[in-house]
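Quick notes on the structure that follows.
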């Protein structure tokens with residue numbers, strides 16, 4: 569085993585390094601979070617790649633602008649996702665097109681009825697289940713989908729509540745409904761396809 | 571109070587990264603619905619959906635942007651650092667130019683000459699003086715030539 573592994577720098581240390589003029593610090597920070605952010609944006613999108621790319625770039629632009637005001641107390645990943653979400657909402661409000669299926673005014677949709685006890689998805693391999701999950705996630709109501717996507721990126725519920733600007737209980741309930749809906753959708757697969 | 575308990579239990583059930591302690595597992599065991607939820611959370615969030623790759627050009631653009639901001643900040647910082655010195659030098663220079671520009675050119679030692687209206691009198695006097703000087707020079711040289719002693 570290699571004992572000489574240096575402890576990983578925290579996000580805040582990298583931010584401080586970048587603000588002190590070290591652009592390599594930013595590269596490391598970007599390397600740490602860019603795929604998660606891109607995955608989150610792709611999860612919220614309905615397939616418009618250029619729109620996703622544009623939002624991704626805008627998010628980092630805003631991050632670069634606002635880094636000098638970044639608060640050490642905060643959690644960088646949650647801050648990053650929050651900026652991204654706000655930009656997405658701004659864009660939706662501006663053009664009202666449903667390029668992204670995150671509907672703003674919609675409350676949690678009623679959960680989908682699950683066929684009791686049926687879990688055919690457990691027989692699928694990881695890759696098949698991954699593809700299926702991807703499609704099932706897109707069918708979730710927007711708020712539930714967002715909570716699920718954030719949770720998958722290990723954002724805490726407290727931070728999810730902050731990002732979604734809702735009480736903690738609401739964030740927990742959305743995750744609960746998201747899981748139930750996913751279970752239902754995956755329970756209804758027929759020959760590897762969602763019904 | 572009830573909502574706090576619910577919140578705690580729900581958080582326990584949905585946060586699957588850490589294994590449950592014995593006390594927590596016992597607490598959850600009284601709620602089969604929550605146990606099922608925890609199993610689902612572990613199953614579904616653990617499924618690694620293949621994350622899409624960020625296009626390389628996009629990453630390059632973001633990095634270039636960050637780099638240009640770094641350069642700008644560095645220049646700005648240098649400017650702020652050296653600003654007091656530069657400002658002081660400029661002030662000194664400006665003060666010097668202002669100070670010397672205000673100084674009047676030196677007047678001739680004899681200011682009365684400039685205010686003299688009748689120059690002919692001065693010329694006459696000057697002529698008289700030089701005539702007297704040259705006639706005395708002649709007188710001296712004559713007496714030397716003739717061998718007279720003074």
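Chains as they are written, first to last, in this note's numbering: chain A, 569 to 763; chain B, 571 to 720.
Beta carbons: idealized from backbone N, C-alpha and C, even for Gly.
Identify which residue in B:579, B:603 and B:700 has its Cα closest to the Cα of residue 593 (chain B).
Per the Cα distances, B:579.
Please list, in chain order, the residues of the region 572–599 of chain B that have any C-beta partner in chain A closer than 9 Å.
Listed by position, the residues of the region 572–599 of chain B near chain A (Cβ gap below 9 Å) are 573, 576, 577, 580, 581, 583, 584, 585 and 587.
Among B:596, B:611 and B:712, which one has its Cα closest to the Cα of residue 583 (chain B)?
For the residues B:596, B:611 and B:712, the minimum Cα distance to residue 583 (chain B) belongs to B:611.
Confirm, please, whether the CB-CB distance from residue 612 (chain A) to residue 717 (chain A) is below 8 Å.
Result yes, Cβ atoms of residue 717 (chain A) and residue 612 (chain A) sit closer than 8 Å.
What in chain B is Cβ-close to residue 719 (chain A), meaning under 7 Å?
Here the neighbours are 615.
So, for residue 597 (chain A): in the same chain, excluding its five sequence neighbours on each side, which residues have a beta-carbon less than 6 Å away from its beta-carbon?
If we look at residue 597 (chain A) and ignore the five residues flanking it on each side, its Cβ neighbours are 582.
From this set, A:584, A:639, A:719 and A:742, which residue's C-alpha is nearest residue 614 (chain B)'s C-alpha?
Ranking A:584, A:639, A:719 and A:742 by Cα distance to residue 614 (chain B) puts A:719 first.
For residue 722 (chain A), return the contacting residues in chain B, with the cut-off set at a CB-CB distance below 8 Å.
Those are 587, listed as they occur along chain B.
Shorter than 8 Å from the beta carbon of residue 628 (chain A) to some beta carbon of chain B?
Judged by the 8 Å Cβ criterion, residue 628 (chain A) is in contact with chain B.
Let me see if you follow: with CB-CB separation under 8 Å, is residue 623 (chain A) close to chain B or not?
Taking Cβ atoms only, chain B never reaches closer than 8 Å to residue 623 (chain A), which makes this a no.
Pick helix, strand or coil for residue 613 (chain A), following the three-state DSSP scheme.
Strand at residue 613 (chain A).
Would you decide whether residue 712 (chain B) is buried or exposed? Buried here means 16 or more other CB atoms lie within 10 Å of its CB.
Exposed, by the Cβ-count rule.
Answer with yes or no whether the minimum CB distance from residue 632 (chain B) to chain A is below 8 Å.
So yes, residue 632 (chain B) belongs to the interface.
Please report whether the beta-carbon of residue 637 (chain B) lies at a distance below 8 Å from any beta-carbon of chain A.
Residue 637 (chain B) counts as touching chain A.
Taking a Cβ distance cut-off of 7 Å, strictly less, list which residues of the region 601–621 of chain A are near chain B, in chain order.
Residues 602, 603, 606, 607, 610 and 621.
Applying the criterion that 16 or more other CB atoms from any shown protein chain within 10 Å of the CB defines a buried residue, is residue 634 (chain B) buried or exposed?
Answer is exposed; the Cβ neighbour count stays below 16.
Does chain B have any CB closer than 8 Å to the CB of residue 637 (chain A)?
Output row for residue 637 (chain A): interface = no.
Residue 638 (chain A) by DSSP, collapsed to three states: which one?
Residue state, collapsed to three classes: coil.
Under 7 Å Cβ to Cβ from residue 740 (chain A), same chain only, skipping five residues before and after it: list those, please.
725.
Please list, in chain order, all residues of the same chain as residue 750 (chain A) whose beta carbon is under 6 Å from its beta carbon, the five residues on each side excluded.
Once the five neighbours on either side are set aside, the close Cβ partners of residue 750 (chain A) are 704.
Since residue 603 (chain A) and residue 624 (chain B) should fall inside the 8 Å C-beta cutoff, what is the C-beta to C-beta distance between them, to a whole number of angstroms?
6 Å between Cβ atoms; contact.
Looking at the unbroken alpha helix (DSSP H) that takes in residue 755 (chain A), where does it start and where does it end?
Looking at the DSSP string, the run of the alpha helix (DSSP H) that includes residue 755 (chain A) is 736–755.
Check whether the Cβ of residue 654 (chain B) lies closer than 8 Å to any Cβ atom in chain A.
False, the Cβ-Cβ gap to chain A never drops below 8 Å.
Using a cut-off of 7 Å between C-beta atoms, extract the partners of residue 645 (chain B) located in chain A.
Those do not exist, as residue 645 (chain B) stays about 10 Å from chain A at its closest Cβ, beyond 7 Å.
What is the rounded straight-line gap between the Cα of residue 518 (chain A) and the Cα of residue 649 (chain B)?
Coverage of chain A is limited to positions 569 through 763, which leaves residue 518 (chain A) absent and any answer about it impossible.
What number of angstroms, rounded off, separates the C-alpha of residue 728 (chain A) from the C-alpha of residue 646 (chain A)?
Approximately 7 Å between the Cα atoms of the pair.
Shortest alpha-carbon distance to residue 578 (chain A) belongs to which of A:707, A:743, A:641 and A:589?
Nearest C-alpha to residue 578 (chain A): A:641.
Mind checking if residue 595 (chain A) is an interface residue toward chain B, Cβ cutoff 8 Å exclusive?
It does: the Cβ of residue 595 (chain A) has a partner Cβ on chain B nearer than 8 Å.
Looking at residue 649 (chain A) and residue 731 (chain A), is the spacing between their C-beta atoms short of 8 Å?
Against a cut-off of 8 Å, the Cβ pair of residue 649 (chain A) and residue 731 (chain A) comes out as a contact.
Does DSSP put residue 621 (chain B) in a helix, in a strand, or in coil?
In this structure, residue 621 (chain B) counts as coil in the three-state DSSP scheme.
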